[in-house]
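In this note's numbering, the protein residues as written are 14 to 463.
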């Protein structure tokens, strides 16, 4: 039986083999984890489609292939003796060669420049990129040369563009959609007509400066060099792109959550028995955020070019820290849930995120995000907006502090919260209105809310 690269979502066109959990000759059972993959949206363990013996691995670790590509084969139990060790032996040196260098150099052809005297403004054609090795399987080294998303490659294919000719402005020279569109604009611009009087010709507009790339550092003796994981590269690209896209502004508020601490203490066991999960402060803040988003719906919007999309549902992203990175599962229609439903959804998504059981649909479609650095002791932070959203809420650590209450000093459970918002769409007054609504919603939570 053929084992294929699964399509983890409608928009996902390829996946990378991160790790094989079995080796050729091993017995496998149906639905037993067989290999781990990483896609543009989510990392996941892929189960075996049948009982039998893993007879052959066709795509080694670190390689990226399109969905529905055969990556391995499973035979019946009697084929165990016939499982040749050759594929395994070949896979090891290939995987070693495919390890990306710490600071990958661009393809040699990428440095070629058109002659200064060329009158045309269109880029000069260059040699096409060599075909990927391994029967259509792109190695990590080849992908590093022209790093791009499936959407970018689709646009390039539709317009016959060789991506090796496009200068990437993303992380590690990644070619972005904007890079391809800019290249298309230059290609479609008519060549400058030669004139008899060069002095009368208008000077060409300067090309936009490429985004600065991280400097290459030469390791010293005793240093350890490791390539960034696929997830880390995706996080890096997403964060840098967000900083370039949104006009980030932050506001910070202090809230008294003493009454919430008392509710957890007095009703925590009852909540646990009824819902099967603990009553967390994150659940309280999620409910208050949903209420505030209903009151100030522009914070639940997204930017799409020059348009604003006001979302009809509140799809709440909750950032989950993993040993190997960070992921933001999304609670769909969170605004329709009570504290019990939110608590169960948060616990379920976090558990499945840590066990790599999330589907791509569960990490897409978010309209607002909450991140909680406070669980590690951080008092407050200024999180980066999760594109294409326009705001993100940060929760600080909850600590007992002396505060003034009715002209007297009292010990209260206090917490700083922050809102990073996109000033292209949200003005400071609107952000403060949202935070005020959130604070009032927190204060309104009582026993009847449980």
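Ideal Cβ positions, reconstructed from N, Cα and C, are used throughout, including at glycine.
Please read all numbers here as calculations on a predicted model, not as lab measurements.
>> Helix, strand or coil for residue 414? Go by DSSP, reduced to three states.
In response: Three-state DSSP puts residue 414 in a strand.
In whole angstroms, give me the CA-to-CA distance for residue 357 and residue 288.
7 Å
Kindly give me the distance between the Cβ atoms of residue 4 and residue 416, rounded to whole angstroms, as I take these residues to be in contact under 8 Å. In the structure as shown, the chain begins at 14 and stops at 463. Residue 4 is therefore absent and cannot be evaluated.
Quiz prompt | Pairwise C-alpha distance: residue 41 and residue 73 | solution = 18 Å
| task | Please classify residue 170: is it buried, with 16 or more other beta-carbons within 10 angstroms of its beta-carbon, or exposed? | result | exposed
Would a C-beta distance cut-off of 8 Å place residue 47 and residue 59 closer than the cut-off? yes
- Query: Between which two residues does the beta strand (DSSP E) carrying residue 451 extend?
  - Reply: Careful: residue 451 lies outside any beta strand (DSSP E), inside the alpha helix (DSSP H) at 441–457.
Problem - DSSP-derived helix/strand/coil call for residue 422 - result: strand
With a threshold of 16 other CB atoms inside 10 Å of the CB of residue 111, please say whether the residue is buried or exposed. Unreliable positioning characterises residue 111 in this predicted model, as indicated by a pLDDT of 42, which lies under 50. The coordinate reading is nonetheless provided below. When all chains shown are included, residue 111 counts as buried.
**OP:** May I ask you to list the residues that DSSP assigns as paired with residue 396?
**Re:** DSSP, once it has assigned bridges, lists no residue as partnering residue 396.
### Query
Can you tell me whether DSSP reads residue 252 as helix, strand or coil?
helix
**Prompt:** Out of 343, 319, 454, which has the shortest C-alpha to C-alpha gap to residue 380?
**Reply:** 343
Presumed contact (8 Å Cβ cut-off) between residue 19 and residue 80, rounded CB distance: Contact between residue 19 and residue 80 is confirmed by a C-beta separation of about 7 Å, below the 8 Å threshold.
ask   = Looking at the unbroken beta strand (DSSP E) that takes in residue 85, where does it start and where does it end?
value = 83–88
task = Give me whichever residues DSSP pairs with residue 427 in a beta bridge.
result = For residue 427, DSSP records a beta bridge to 269, 412.
Exercise for the section: Determine, using beta-carbon pairs with one atom in the stretch 424–442 and one in the stretch 403–410, whether at least three such pairs fall under 8 Å. Expected result: yes
Span separating the alpha-carbon of residue 341 from that of residue 461
30 Å
Name, in chain order, the residues that DSSP records as bridge partners for residue 436. Its beta-bridge partners do not exist; DSSP assigns none.
Margin query: residue 61 and residue 45 - do their beta-carbons sit closer together than 8 Å?
Written below: Residue 45 is a Cβ neighbour of residue 61, given a cutoff of 8 Å.
Worksheet item: Per the contact definition of three or more C-beta pairs closer than 8 Å, is the stretch 440–456 in contact with the stretch 278–285?
Response: no
Exercise. Can you list, in chain order, the residues of its chain whose CB lies under 7 Å from that of residue 309, leaving out five sequence neighbours each side?
Worked result: 443, 446, 447, 450
Note to self: Quick check: the stretch 349–356 against the stretch 290–300, are at least 3 beta-carbon pairs closer than 8 Å?
What the structure shows: Segments in contact, yes.
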